[in-house]
Amino acid sequence: MTAVSEASTAYDTDYRQALIEGGIYPPFYFRGDDPRKQMPANWDDIKVRLKVRRPSLSETRFTEEDFDDFRCAVTDASKERMVTTKVIPKITGREDDRLNGAGSRFSNLDRLTDLALASASPDSYYGARPEQLDKQVRARLSKLVVPTTQADLPIVPNFFLEVKGPDGSDRVALNQAVYNEALGARAIHSLQQHDREDIVWDRKAYTISCTYAREQLKMFTVHILPPESEGKRPQYVTHLLCQLNLMHSIEAFREGASMYRNARDWAKEIRDKAIDAANQRVDPP
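Residue numbers are given in the working numbering: position 127 of the sequence shown equals residue 133, and the series is strictly consecutive.
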C-alpha cells in the first residue's frame, strides 16, 4: 500500500485509493458477480422521482431565449467563480438559501475512515435548519450530523454540489462528490439508528451528490453496506444516476435541471423524515 500523506485531499493522486481502502467506493468499482455491485434497493423509485416534470422548466416558462442566455453564460465563464455565480443559478433555479451551507468546511465531523483525509468542503451542501432536530439528539450525534462549528449553518447534509471551471478536473470533482455523500449517508443513517437496539442495513440510498464540470452535469447516489467483518467500518457504494451535457439542446437542459431540482427536493424530504423520526424517539423531559 502506498503511504497516504497526512490530510490527503481530493487533489492528491492517492486520494481515490485512500477512499477505496477506507471502504468508500467510486462508481463502477465492483466487477463480475460481486453483490456490492447491485443498485440501491430504492434505485427505481429515485429514478422515477427525478424524472418528474417541473412547471418552471416548461416550454412556456423556460424558452429558447432563456436557453441562449444559459449558453452565453457558459461560454463567458472562464473561471470557476464565474461558473458558480453565472451558470449554476440557471440550473438550480429558486431555492431556500437558509438550507444551503455553501463554502463551509466540515471541520466538526468524525473521520469516516482510519486514514487521514482533509475535511470535506463542498461548494454547496443542503441540510436542515439546526433547530429542526431535537437539542438532545443534536448534541449526542453532533460529530455525525453537525458538519461545522458554526451553530447556525445547516445540519444533516444529504445533497451536495461540486463545481469546476473550464480547466477544472473531473477526477477531483468525482473524488469530492464520493466523499461528500458518504458523509451525508452516515448522517442520515445515524439518525435512522438513533436509540435503536439493532442496526438496520436496508441497502437504500438517502443521499445525492452532483458535479458540474466542462458543461456536464453528473449526479451520484450512495448506499451503506454493513462492515465486511467485525471491527471494520461500514462500506459506502456510489452509483452514477445520470450524466448530461446541458449545452447540447434545450431538451437536455430541461431534463438535467429538472433532475437536479427534483433531487434537491427529494433529499429534503428524506432528511425531514429522518429528523422527525429521531425527534419522536426522544424521551419527554
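Virtual Cβ for every residue (Gly too), placed ideally from N, Cα, C. Since we're looking at a predicted model, the values are computed, not measured.
With DSSP as the reference, label residue i as helix, strand or coil.
| i | result |
| --- | --- |
| M45 | coil |
| F293 | With the chain running from 7 to 291 in the structure shown, residue 293 is simply not present. |
| A122 | coil |
| Y218 | strand |
| K224 | strand |
| Y185 | helix |
| T8 | For T8, the predicted model reports a pLDDT of 41, less than 50, meaning its position is unreliable; a value from the coordinates is still stated below. Looking at T8 - three-state DSSP - the assignment turns out to be coil, as it is neither helix nor strand. |
| G190 | helix |
| G133 | strand |
| V162 | strand |
| Y21 | helix |
What are the residues that DSSP puts in a beta bridge with residue i?
| i | result |
| --- | --- |
| C78 | Its beta-bridge partners do not exist; DSSP assigns none. |
| H245 | T227 |
| N251 | Q222 |
| F112 | Answer by DSSP bridge pairing: none, since F112 is not bridged. |
| E168 | T217 |
Can you give me the C-alpha to C-alpha distance between residue i and residue j, rounded to a whole angstrom?
| i | j | result |
| --- | --- | --- |
| R87 | R270 | 22 Å |
| L56 | S113 | 31 Å |
| I205 | S148 | 19 Å |
| L25 | E71 | 43 Å |
| Y266 | S64 | 15 Å |
| D74 | V80 | 10 Å |
| H245 | P32 | 7 Å |
| D50 | C248 | 13 Å |
Relative to the C-alpha of residue i, which residue among the options is closest?
| i | options | result |
| --- | --- | --- |
| F165 | T91, T217, T66, N251 | T217 |
| I161 | Y266, Q142, Y242, E137 | E137 |
| D282 | H200, P41, K210 | H200 |
| A124 | G174, R67, Y185, A83 | Y185 |
| M253 | I276, Q222, I230 | Q222 |
| G190 | P153, L180, D103 | P153 |
| Q343 | R22, E203, L197 | Absent from the model: residue 343. The displayed extent of the chain is 7 to 291, so no value can be given. |
If residue i sits next to residue j, beta carbons under 8 Å apart, how far is it from one beta carbon to the other, in whole angstroms?
| i | j | result |
| --- | --- | --- |
| L150 | D116 | 7 Å |
| V288 | D140 | 5 Å |
| G29 | R239 | 5 Å |
| S264 | R60 | 5 Å |
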